[in-house]
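K.L.:
One structure is given below, represented as structure tokens, and several questions about it will come after.
Residue numbers (the numbering used here), protein chains in the order written: chain F, 1 to 446; chain C, 1 to 264.
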């Protein structure tokens, strides 16, 4: 067995995007030093690293949320963390680890509450998420406002949890985030097959003995962990964007889950680092929004340019199709008209042909004339020799396709996908083609 | 693993592949299926037929522990589902998944082996070959690298079938495999079901088209929340039973067909 090392064009594209973004990220520091005279202090480097690691994590986990059509889950979970932060502050004071533990507990309780609603009522998932999201967030805001009124200086900066503040990140935070991140990534790698199966077809997973509830709870818990770690940086409101934007952007470029998750990780890391650095330059720029703006630019870039799914791509394809079919259809119209008047080079009146194909006729006639397939004849159009040859080839090809559909089974010809714009000689083996050709009526064979 | 029943000997009755006892499922207060008792002998190709809302899919899902039961037991060769999982293959409704999921045909078929692989273990070369073999049987081997988003409805259905074939089960549950597929695909699927059946597998199919029931299935369960009738198609597929399943109007609609069914 030869290992398949050849990469398809799509694969190459994905890997070059990954390479490009990594390169861009690596060059980001020297470039901005050169162009903007930016100074990368120790603090800025720590913040950039923290942003990158968090972006990577949320990109990986968010991909699964996007595929499970649970994009709102991260939103609900991060909003749900806010009351936890406030309560932890009231109980334990301004100690970061306690605040994060509080956030995690509140978020996790929100998650349990959410699945309880889903299991006992007929509410749809996004409805349930919406209600948990606002309820927990409202409680959090109420508590925070109350805390602000306490005459005690230590609560200053607590509201950074709402929008995030990069400057608050210190080296030990990055160490913590990286350690937890490695654990999260290992879990995802270990349970790759399970996560994929549950994301694609939970019912089948259940019928095969996988405990869907457990896998779902695990994946959601990992998302809670990412949310809690990201709170300082992105804040509760925008953390969801950090989770889903990289996944959405990555999905545009690839049709494979492996590539999608890797690409989402790279996109997330890029957005996290760049956003964090930009906001660290000036304490008036909040981190969360900056990261999301960068993420959104990546999404915009992807949905515009990604081949196959991108907007630009589909526009171009539509245009190319209009052109192509204008030429083919016009040639067919002219040929059919000529044949019905007894001679292949019988000219079709301009008025007539324009009446048949009102919309695309200009483009069709222009292309055919440029190719030398038609020439003007009085107030009409006549097929040239090359035009007649082309029209015959087309007609014969269509007849062969008809015969293939009609007799393919009885002649036991190989099964091929029917695509009539292809030359059937290019897709059928020569022997099979000969069999079909023998069935052509005499006036159709060349 | 049970032996395949010798189907040429009518004296020896085959073992019961699936035994459903007192099964009741209620989504809200109203029962979706109520007090189902059903014994399916090994080696039959059984249609599950009934009107919309009769609980046909519910019966399958409850048998496979996918939804909670209000009452009842389901046994596969005498064992509960937890212990008989490797004996059971499942083809869910085609519309139950997102076909825009980023994966390939081969990958989806390989998922049929995840149950045997168990937690953590990854599919390897052996799994790939088994999946390829299943794809050959459904005639999709040329599509192995195809993105599932590019498949036609019939190809999607055949991909799901291949995923079930690769499970190499004894009892297959298929939830509307003929829904919205063209005549050619339907024939291809019937051919695959009959091939499974010939190999001694028990196949249960949720089906809608009364015109083809007698032609496709040798065993039949008529369901409308309760089991109306179950047994060999020739005995069960009668005008009287259909009236009791669907209500009076069905006999008018299918009068000619039923006369033929009852006579043959």
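Every residue gets a Cβ at the ideal spot worked out from N, C-alpha and C, and that includes glycine.
Using CA coordinates, which residue listed in F/76, F/112, F/146 and F/137 is at the minimum distance from residue 127 of chain F?
P.N.:
Here residue 127 of chain F refers to the residue found at position 127 when the first chain is read from its first residue. When each option's Cα is compared against that of residue 127 of chain F, the closest is F/76.
K.L.:
Between which two residues does the alpha helix (DSSP H) holding residue 509 of chain F run?
P.N.:
Any answer about residue 509 of chain F is impossible in this case: the structure gives chain F only from 1 up to 446.
K.L.:
Would residue 34 of chain F be called buried (16 or more neighbouring beta carbons within 10 Å of its own) or exposed?
P.N.:
In the first chain, the residue the question calls residue 34 of chain F occupies position 34. It counts as exposed.
K.L.:
So, helix, strand or coil for residue 126 of chain F, using DSSP?
P.N.:
Locating residue 126 of chain F in the first chain gives position 126, where the first residue counts as 1. Residue state, collapsed to three classes: helix.
K.L.:
Where residue 165 of chain C and residue 212 of chain C are concerned, what is the direct C-alpha to C-alpha distance, given to the nearest angstrom?
P.N.:
Translated into positions along the second chain, residue 165 of chain C becomes position 165. Translated into positions along the second chain, residue 212 of chain C becomes position 212. Taking the straight line joining both Cα atoms gives about 23 Å.
K.L.:
Quick check: is the beta carbon of residue 255 of chain F nearer than 8 Å to any beta carbon in chain C?
P.N.:
In the first chain, residue 255 of chain F corresponds to position 255, counting from 1. Look at residue 255 of chain F: its C-beta is under 8 Å from a C-beta on chain C.
K.L.:
In chain C, which residues lie less than 9 Å from residue 194 of chain F when you measure between Cβ atoms?
P.N.:
Looking up residue 194 of chain F in the first chain gives position 194. In chain order: 114, 119 and 120.
K.L.:
For residue 250 of chain F versus residue 242 of chain F, is the C-beta distance shorter than 8 Å?
P.N.:
For this step, residue 250 of chain F is matched to residue 250 along the first chain. For this step, residue 242 of chain F is matched to residue 242 along the first chain. No, the Cβ-Cβ distance between residue 250 of chain F and residue 242 of chain F is not below 8 Å.
K.L.:
What does residue 415 of chain F reach in chain C if we use C-beta pairs closer than 9 Å?
P.N.:
In the first chain, the residue the question calls residue 415 of chain F occupies position 415. Correct list: 139 and 142.
K.L.:
Interface residues of chain C around residue 260 of chain F at Cβ under 9 Å?
P.N.:
Taking the first chain and counting its residues from 1, one reaches residue 260 of chain F at position 260. Near residue 260 of chain F (Cβ distances below 9 Å), the residues of chain C are 102.
K.L.:
Chain F partners of residue 92 of chain C, CB-CB under 9 Å?
P.N.:
The residue labelled residue 92 of chain C in the question sits at position 92 within the second chain. Neighbours of residue 92 of chain C on chain F, chain order: 201, 203, 204 and 207.
K.L.:
Looking only at DSSP bridge pairs, what is residue 173 of chain C linked to?
P.N.:
Here residue 173 of chain C corresponds to residue number 173 of the second chain, with the count starting at 1. Note: residue 173 of chain C is bridge-paired with C/90 and C/204 in the DSSP secondary-structure output.
K.L.:
Can you say whether residue 167 of chain C is buried or exposed, counting buried as having 16 or more other CB atoms within 10 angstroms of its CB?
P.N.:
For the purposes of this step, residue 167 of chain C is taken as residue 167 along the second chain, with counting starting at 1. By the neighbour-count rule (16 or more Cβ atoms within 10 Å), residue 167 of chain C is buried.
K.L.:
Would the beta-carbon of residue 223 of chain C fall within 8 Å of that of residue 61 of chain C?
P.N.:
One-based indexing of the second chain puts residue 223 of chain C at position 223. One-based indexing of the second chain puts residue 61 of chain C at position 61. No, Cβ-Cβ distance for residue 223 of chain C and residue 61 of chain C is not below 8 Å.
K.L.:
For residue 86 of chain F, which of F/74, F/102 and F/192 has the nearest alpha-carbon?
P.N.:
Sequence index remark: in the first chain, residue 86 of chain F carries index 86 (1-based). Nearest of F/74, F/102 and F/192 to residue 86 of chain F, Cα basis: F/102.
K.L.:
Mind listing, in chain order, the continuous alpha helix (DSSP H) runs of no fewer than 4 residues lying wholly within the segment 150-190 of chain F?
P.N.:
160-163 and 171-190
K.L.:
To test your reading of the DSSP string, which unbroken alpha helix (DSSP H) runs of 4 or more residues are found completely within the segment 346-391 of chain F?
P.N.:
Secondary structure in the segment 346-391 of chain F: the alpha helix (DSSP H) runs of 4 residues or longer, each lying completely within the stretch, are 350-356 and 361-370 in chain order.
K.L.:
Given this structure, state the Cα-to-Cα distance separating residue 341 of chain F from residue 355 of chain F, to the nearest angstrom.
P.N.:
Translated into positions along the first chain, residue 341 of chain F becomes position 341. Translated into positions along the first chain, residue 355 of chain F becomes position 355. The alpha-carbon atoms of residue 341 of chain F and residue 355 of chain F are separated by roughly 18 Å.
K.L.:
Could one say the Cβ of residue 13 of chain F lies closer than 8 Å to chain C's Cβ atoms, at least one of them?
P.N.:
Along the first chain, read from residue 1 onward, the residue named residue 13 of chain F stands at position 13. No, residue 13 of chain F does not count as interfacial toward chain C.
K.L.:
Under the three-state reduction of DSSP, which class applies to residue 101 of chain F: helix, strand or coil?
P.N.:
Here residue 101 of chain F refers to the residue found at position 101 when the first chain is read from its first residue. The answer is helix: DSSP assigns residue 101 of chain F an H, G or I state.
K.L.:
Can you look up residue 101 of chain C in the DSSP assignment and give me helix, strand or coil?
P.N.:
Here residue 101 of chain C is taken as the residue at index 101 of the second chain, counted from 1. DSSP places residue 101 of chain C in coil when its eight states are reduced to three.
K.L.:
What does residue 112 of chain F touch in chain C if you count any residue whose Cβ is under 7 Å from its own?
P.N.:
Numbered from its first residue, the first chain carries residue 112 of chain F at position 112. Residues of chain C passing the Cβ test: none, with the nearest at roughly 19 Å.
K.L.:
For residue 97 of chain C and chain F, any beta-carbon pair shorter than 8 Å?
P.N.:
As a working mapping, residue 97 of chain C is identified with position 97 in the second chain. So yes, residue 97 of chain C belongs to the interface.
K.L.:
Closer than 9 Å by beta-carbon distance: list the chain F residues that pair up with residue 85 of chain C, in chain order.
P.N.:
As a position in the second chain, residue 85 of chain C is number 85, starting the count at 1. Ordered by position in chain F, the residues that pass the 9 Å Cβ test against residue 85 of chain C are 207, 208 and 209.
K.L.:
To the nearest angstrom, how far is it from the Cα of residue 288 of chain F to the Cα of residue 253 of chain F?
P.N.:
Taking the first residue of the first chain as 1, we reach residue 288 of chain F at position 288. Taking the first residue of the first chain as 1, we reach residue 253 of chain F at position 253. So the alpha carbons of these two residues sit roughly 25 Å apart.
K.L.:
CB-CB under 6 Å to residue 47 of chain F, same chain, minus the five flanking residues each way: which ones, in chain order?
P.N.:
One-based indexing of the first chain puts residue 47 of chain F at position 47. So the qualifying residues of the chain are 166, 169, 276 and 280.
K.L.:
Measuring CA to CA, which of F/142, F/369 and F/179 is closest to residue 326 of chain F?
P.N.:
What you label residue 326 of chain F is simply residue 326 of the first chain in a count that begins at 1. Out of F/142, F/369 and F/179, F/369 has the C-alpha closest to the C-alpha of residue 326 of chain F.
K.L.:
In chain D, what lies closer than 8 Å to residue 251 of chain F by C-beta?
P.N.:
The chain inventory of the structure shown lacks chain D, comprising the protein chains F and C.
K.L.:
Taking residue 28 of chain C as the reference, which of F/386, F/120 and F/51 has the closest Cα?
P.N.:
The residue labelled residue 28 of chain C in the question sits at position 28 within the second chain. Taking only the C-alpha atoms, the option nearest residue 28 of chain C is F/120.
K.L.:
Verify the CB distance criterion: does residue 64 of chain C have a CB-CB separation below 8 Å to chain F?
P.N.:
One-based indexing of the second chain puts residue 64 of chain C at position 64. True, the Cβ-Cβ gap to chain F drops below 8 Å.
K.L.:
Since residue 111 of chain C meets chain F, which of its residues come closer than 9 Å, beta carbon to beta carbon?
P.N.:
As a first step, residue 111 of chain C must be located in the second chain, where it is residue number 111. Simply 193, 196, 197, 200, 201, 204, 205 and 208.
K.L.:
Figure out for me which residue from F/357, F/321, F/381 and F/315 has the closest Cα to the Cα of residue 338 of chain F.
P.N.:
Taking the first residue of the first chain as position 1, residue 338 of chain F is located at position 338. Measuring from the Cα of residue 338 of chain F, the nearest candidate turns out to be F/381.
K.L.:
On a CA-only basis, which of C/217, C/215, C/245 and C/218 is nearest residue 229 of chain C? Give me that one, please.
P.N.:
One-based indexing of the second chain puts residue 229 of chain C at position 229. Here the closest residue by C-alpha is C/245.
K.L.:
Report yes if the CB atom of residue 69 of chain C is closer than 8 Å to the CB atom of residue 25 of chain C, and no otherwise.
P.N.:
Along the second chain, one-based indexing puts residue 69 of chain C at 69. Along the second chain, one-based indexing puts residue 25 of chain C at 25. In contact: residue 69 of chain C and residue 25 of chain C (Cβ atoms closer than 8 Å).
K.L.:
Is the CB of residue 67 of chain F under 8 Å away from at least one CB in chain C?
P.N.:
The sequence position of residue 67 of chain F within the first chain is 67, counting from 1. Yes, its Cβ sits closer than 8 Å to a Cβ of chain C.
K.L.:
At 7 Å on the CB atoms, spell out the chain C contacts of residue 190 of chain F, in chain order.
P.N.:
As a working note, residue 190 of chain F is residue 190 in the first chain. Under the 7 Å cutoff, chain C gives 120.
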